[in-house]
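Undergrad: Following this message is one structure expressed as structure tokens.
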Amino acid sequence: MLDNPAALAAKPPHPSALLEQLVEQRTAELSQALAAVEAQKQELESALRQKEEVQSQLKDELKDAQLLHNISAMLVDENSVGELYQKLVDAATLVMRSDFGSMQRFDEETGKLQLIAHRGLDQPAVEFWQWVHAGRATTCGKALQLGQRVVVPDFEVCEFIEGSADLIAFQQAGVRSAQSTPLLTRNGRLVGMITTHWTRVCQPRERDLQLLDIIARQAADLIERNASAEALRLQSQRLIEADRYKDEFLATLAHELRNPLAPIQNGLALLKIGKSEQVPRVLPMMERQLGHMVRLIDDLLDVSRVSRGMITLKRDRVTLKTIVDSAVETSRPMINAAQHKFTVTIPGDNVWLHVDLTRVAQIISNLLNNAAKYTPSGGEIELVAEVTGSTVLVKVSDTGIGIAQTMLPKIFELFTQVDGTAENAQGGLGVGLALAKRLAEMHDGSIEVTSPGDKGGSVFTLSLPVDHAVALDRNPDQHPASHPVGNALRVLIIDDNVDAAETLALVLGVLGHTTSVVVDARKALAAALEFEPDVVFLDLGMPHLNGFDLARQMRGEAALNRTYLAALSGWGSEDDRARSLEAGVDRHLTKPVKLNEVEEMLAQLVQRR
Numbered sequence: 001m002l003d004n005p006a007a008l009a010a011k012p013p014h015p016s017a018l019l020e021q022l023v024e025q026r027t028a029e030l031s032q033a034l035a036a037v038e039a040q041k042q043e044l045e046s047a048l049r050q051k052e053e054v055q056s057q058l059k060d061e062l063k064d065a066q067l068l069h070n071i072s073a074m075l076v077d078e079n080s081v082g083e084l085y086q087k088l089v090d091a092a093t094l095v096m097r098s099d100f101g102s103m104q105r106f107d108e109e110t111g112k113l114q115l116i117a118h119r120g121l122d123q124p125a126v127e128f129w130q131w132v133h134a135g136r137a138t139t140c141g142k143a144l145q146l147g148q149r150v151v152v153p154d155f156e157v158c159e160f161i162e163g164s165a166d167l168i169a170f171q172q173a174g175v176r177s178a179q180s181t182p183l184l185t186r187n188g189r190l191v192g193m194i195t196t197h198w199t200r201v202c203q204p205r206e207r208d209l210q211l212l213d214i215i216a217r218q219a220a221d222l223i224e225r226n227a228s229a230e231a232l233r234l235q236s237q238r239l240i241e242a243d244r245y246k247d248e249f250l251a252t253l254a255h256e257l258r259n260p261l262a263p264i265q266n267g268l269a270l271l272k273i274g275k276s277e278q279v280p281r282v283l284p285m286m287e288r289q290l291g292h293m294v295r296l297i298d299d300l301l302d303v304s305r306v307s308r309g310m311i312t313l314k315r316d317r318v319t320l321k322t323i324v325d326s327a328v329e330t331s332r333p334m335i336n337a338a339q340h341k342f343t344v345t346i347p348g349d350n351v352w353l354h355v356d357l358t359r360v361a362q363i364i365s366n367l368l369n370n371a372a373k374y375t376p377s378g379g380e381i382e383l384v385a386e387v388t389g390s391t392v393l394v395k396v397s398d399t400g401i402g403i404a405q406t407m408l409p410k411i412f413e414l415f416t417q418v419d420g421t422a423e424n425a426q427g428g429l430g431v432g433l434a435l436a437k438r439l440a441e442m443h444d445g446s447i448e449v450t451s452p453g454d455k456g457g458s459v460f461t462l463s464l465p466v467d468h469a470v471a472l473d474r475n476p477d478q479h480p481a482s483h484p485v486g487n488a489l490r491v492l493i494i495d496d497n498v499d500a501a502e503t504l505a506l507v508l509g510v511l512g513h514t515t516s517v518v519v520d521a522r523k524a525l526a527a528a529l530e531f532e533p534d535v536v537f538l539d540l541g542m543p544h545l546n547g548f549d550l551a552r553q554m555r556g557e558a559a560l561n562r563t564y565l566a567a568l569s570g571w572g573s574e575d576d577r578a579r580s581l582e583a584g585v586d587r588h589l590t591k592p593v594k595l596n597e598v599e600e601m602l603a604q605l606v607q608r609r
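Here the UniProt record's numbering is used: the first residue of the sequence shown is 1, the next is one more, and so on.
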């Protein structure tokens, strides 16, 4: 019975086996529980770490926000542009935790960066990096070249800095690393550069650079705002100054024009009275005063034309002696009237220049007139010319009232008077020197002035290039001879200014010509067809029918094909002359025309007959 298998299978397990199974089962359960606890522990630790990281990040962001807020408040509270720049540098070094900092302004004219503020740099370093061009061996030079931020953690191993003079300067200043960030406006325009420097090897944190970008944007906006405000302030100041200049100029102009008008008016009164014995004295006086008025007006017109680029130089090869003689001839009456001692010294050999004779003589004459005007009676004026290399220097010195040091930089500005006080006022509109300077520059020359100040006199130096070309076979000092009018011409004068037309007719009548006057342009064509003139003096600015259109009408008449048309007008620009030529005018004369110019023109017409 014991050997029965079924009986054996039903036999219960041994107690020790049951115990082992129970232990294993319990161990597995405990292991699972412990694993679950460990997982929960890790999750808790991870959550705690995330919480700490979030808290730390929040603290950092709060700290950054507070820092940016403080910086913004600091920048808004600036007292001057200089203080603003300095505060921006301080803010950048604070954010980047750097040892040094600098800010540069981008100068659009030179294309360079100019140091305008710094923190910690010594004077030699400031002077060495005062100006930085694109591509220089610095982070700012490289950033300017690339148009983006440049970071160099270690200058000692930087390829574009290695072996440069800048590296030596960095070493002397104690700088080992740096970063430079361009300051860009919201439309992308570069206005400057902000740089931070470290005395150690340093790779800036990305987070710090992000903060710096915020400051850089704010700095660019503030710099642009200050630049706009400064430009507006300067513009306002210029407008105020221009308004003051305008008032002073108009007052001076009225005074200067009244000065010659008074003796002319008095002279006319004497002539009307009929005192014939006064004529030799009165007429030259009236002619001088009229010439003074013409010079005033010519100076004003010339300055306007030069400023607008309307003057075309008529260059020719001419000797220095010819120019000086012409200038002295013009200024001699003013110099003699003040009883100045006047000497002229020029090189013995012919010095040739390729210039506009009239304009260069005008420059020298203006300098001589200025010397005569501001030198007390009985003073000394000296003109000395010398050749230095390829340049001729014409120096005009005087023993006059001198020029204050504060006035020297302004002396060539329009409407500037050397001394505007009543006791020293010498007349003039303050345009002569400005005109002389601009005409000199048009000849590739220059004018400089020196003066020790009060009662020390002054020296003006005109510099012009010498023409070393072979001289032409001619006498440069010969001027075209005036040809006397031997035959009478029929001259028609068309001008709505009755006095101007009739006085010109009187003068031409005295010279032996037959004249006719028309003051209504609408009747001029019929009058011309009836009179059959050899010459027509034609005003351009007439009412109802201007001179350009009238000239075209005359050119359309077969009977007037051979008639010589001479425009006589106050309009004398190159555009006006071109319009005259296009309308069929043969010659354009600018009022007031000189009698010898009219005589010469008529003499040439007589010779052609």
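Note that the Cβ used here is the ideal one computed from N, Cα and C, for glycine as well. These numbers were taken from a predicted model, which means no experiment stands behind them.
Would you identify the three-state DSSP class for E423, choosing helix, strand or coil?
TA: For E423, the pLDDT reaches just 38, beneath the cut-off of 50, and the residue's location in the model is therefore unreliable, although a value from the coordinates is still provided. Coil at E423, not helix or strand.
Undergrad: Using CA atoms only, rank isn't needed, just tell me which of I346, L357, D166, N369 is closest to V384.
TA: It is I346.
Undergrad: In whole angstroms, what separates the C-alpha of V466 from that of V459?
TA: Their backbone Cα atoms lie some 21 Å apart in a straight line.
Undergrad: Using the beta-carbon count (16 or more within 10 Å), is S46 buried or exposed?
TA: So S46 ends up on the exposed side.
Undergrad: Leaving out five residues on either side along the sequence, give the residues of the same chain with a beta carbon under 6 Å from the beta carbon of N487.
TA: Once the five neighbours on either side are set aside, the close Cβ partners of N487 are V606.
Undergrad: Can you list, in chain order, the residues of its chain with a C-beta nearer than 7 Å to that of D473? Leave out the 5 residues immediately preceding and following it.
TA: At D473, the pLDDT of 37 sits below 50, so the modelled position is not reliable; the number obtained from the coordinates is stated separately. Same-chain partners within the cutoff: there are none.
Undergrad: So the candidates are G267, L300, L271, V279; which of them puts its Cα closest to the Cα of Q289?
TA: For Q289, the nearest C-alpha among the options comes from G267.
Undergrad: Out of G541, A559, D549, which one is the CA nearest neighbour of F531?
TA: The candidate whose alpha carbon is nearest that of F531 is A559.
Undergrad: I need the straight-line Cα distance from D496 to Y374, nearest angstrom please.
TA: Between D496 and Y374, the C-alpha separation is close to 41 Å.
Undergrad: Based on the DSSP output, what are the partners of W352 in its beta bridges?
TA: W352 is bridged to T319.
Undergrad: Around the C-beta of V470, are 16 or more other C-beta atoms found within 10 angstroms, so that it is buried, or is it exposed?
TA: Legend: pLDDT at V470 = 42, less than 50; position of this residue unreliable, value from coordinates given subsequently. Exposed: under 16 other Cβ atoms inside 10 Å.
Undergrad: For P533, count neighbouring Cβ atoms within 10 angstroms of its own Cβ and tell me buried if that reaches 16, exposed if not.
TA: Buried, by the Cβ-count rule.
Undergrad: List the residues that DSSP assigns as beta-bridge partners of F537.
TA: Partner(s): I493, A566.
Undergrad: Could one say the Cβ of H544 lies closer than 8 Å to chain B's Cβ atoms, at least one of them?
TA: Protein chains in the displayed structure number just one, and chain B is not present.
Undergrad: Rank E109, R186, H354 by C-alpha distance to the C-alpha of M442 and give the top, closest one.
TA: Among E109, R186, H354, the Cα nearest to that of M442 belongs to H354.
Undergrad: Ends of the beta strand (DSSP E) at T345?
TA: Its beta strand (DSSP E) spans residues 341 to 345.
Undergrad: Using the Cβ count rule (16 or more neighbours within 10 Å means buried), how would you classify L462?
TA: With 16 or more Cβ atoms within 10 Å of its Cβ, L462 is classed as buried.
Undergrad: Name the two residues that bound the continuous alpha helix (DSSP H) containing T138.
TA: No alpha helix (DSSP H) contains T138, which DSSP labels as neither H nor E.
Undergrad: How should K142 be labelled, buried or exposed, when 16 other C-beta atoms within 10 angstroms of its C-beta is the threshold for buried?
TA: That one is buried.
Undergrad: If you drop the 5 nearest sequence neighbours on each side, which residues of the same chain put their C-beta closer than 6 Å to that of E380?
TA: Contacts found: K341, T399.
Undergrad: So, using beta-carbon positions, are G456 and N369 closer together than 8 Å?
TA: No, these two residues do not count as a Cβ contact at 8 Å.
Undergrad: Alpha carbon to alpha carbon, how far is Q426 from M334?
TA: For Q426, the predicted model reports a pLDDT of 48, less than 50, meaning its position is unreliable; a value from the coordinates is still stated below. Answer to the nearest angstrom: the Cα atoms are 12 Å apart.
Undergrad: In the structure shown, what three-state DSSP assignment does I411 receive?
TA: Coil.
Undergrad: So for P153, helix, strand or coil by DSSP?
TA: In this structure, P153 counts as coil in the three-state DSSP scheme.
Undergrad: Tell me which residues share the same chain as V344 and place their Cβ nearer than 6 Å to its Cβ, disregarding the 5 neighbours each side in the sequence.
TA: Correct list, in chain order: L383.
Undergrad: Output needed for Q148: all residues of its chain with C-beta closer than 8 Å, excluding positions within five of it in sequence on either side, in chain order.
TA: P182.
Undergrad: Compare the C-alpha of residue 651 against each of Q21, A338, A169, T503 and name the closest.
TA: Examination of residue 651 is not possible in this model, given that the chain is present from 1 through 609 alone.
Undergrad: Measure the C-alpha to C-alpha separation of V328 and L367 and round it to an integer number of angstroms.
TA: Distance between the alpha carbons of V328 and L367 is about 10 Å.
Undergrad: Between the C-alpha atoms of T421 and K246, what's the straight-line distance to the nearest angstrom?
TA: Unreliable positioning characterises T421 in this predicted model, as indicated by a pLDDT of 42, which lies under 50. The coordinate reading is nonetheless provided below. Cα to Cα, T421 sits roughly 18 Å from K246.
Undergrad: May I ask you to report which of helix, strand or coil DSSP gives G192?
TA: Here G192 sits in strand by DSSP.
Undergrad: Can you tell me the Cα-Cα spacing of I215 and E53, whole angstroms?
TA: Computed Cα separation, rounded: 26 Å.
Undergrad: Which residues bound the alpha helix (DSSP H) around T503?
TA: Element bounds for T503: 498 to 510.
Undergrad: Where does L48 land, buried or exposed, given buried means 16+ other C-beta within 10 angstroms?
TA: Looking at its Cβ environment, which holds fewer than 16 other Cβ atoms inside 10 Å, L48 is exposed.
Undergrad: Within its chain, find whatever has a CB closer than 7 Å to the CB of V294; leave out the 5 residues flanking it on each side and keep chain order.
TA: Closer than 7 Å at the Cβ level, and outside the excluded window around V294, lie P592.
Undergrad: Check whether the Cβ atoms of G529 and A567 sit closer than 8 Å, and answer yes or no.
TA: Residue 529 is actually Leu in this sequence, not Gly. In this structure, A567 does not lie closer than 8 Å to L529 by Cβ.
Undergrad: Grouping DSSP H, G and I as helix and E and B as strand, with all else coil, what is Q405?
TA: Reduced to three states, the DSSP call for Q405 is coil.
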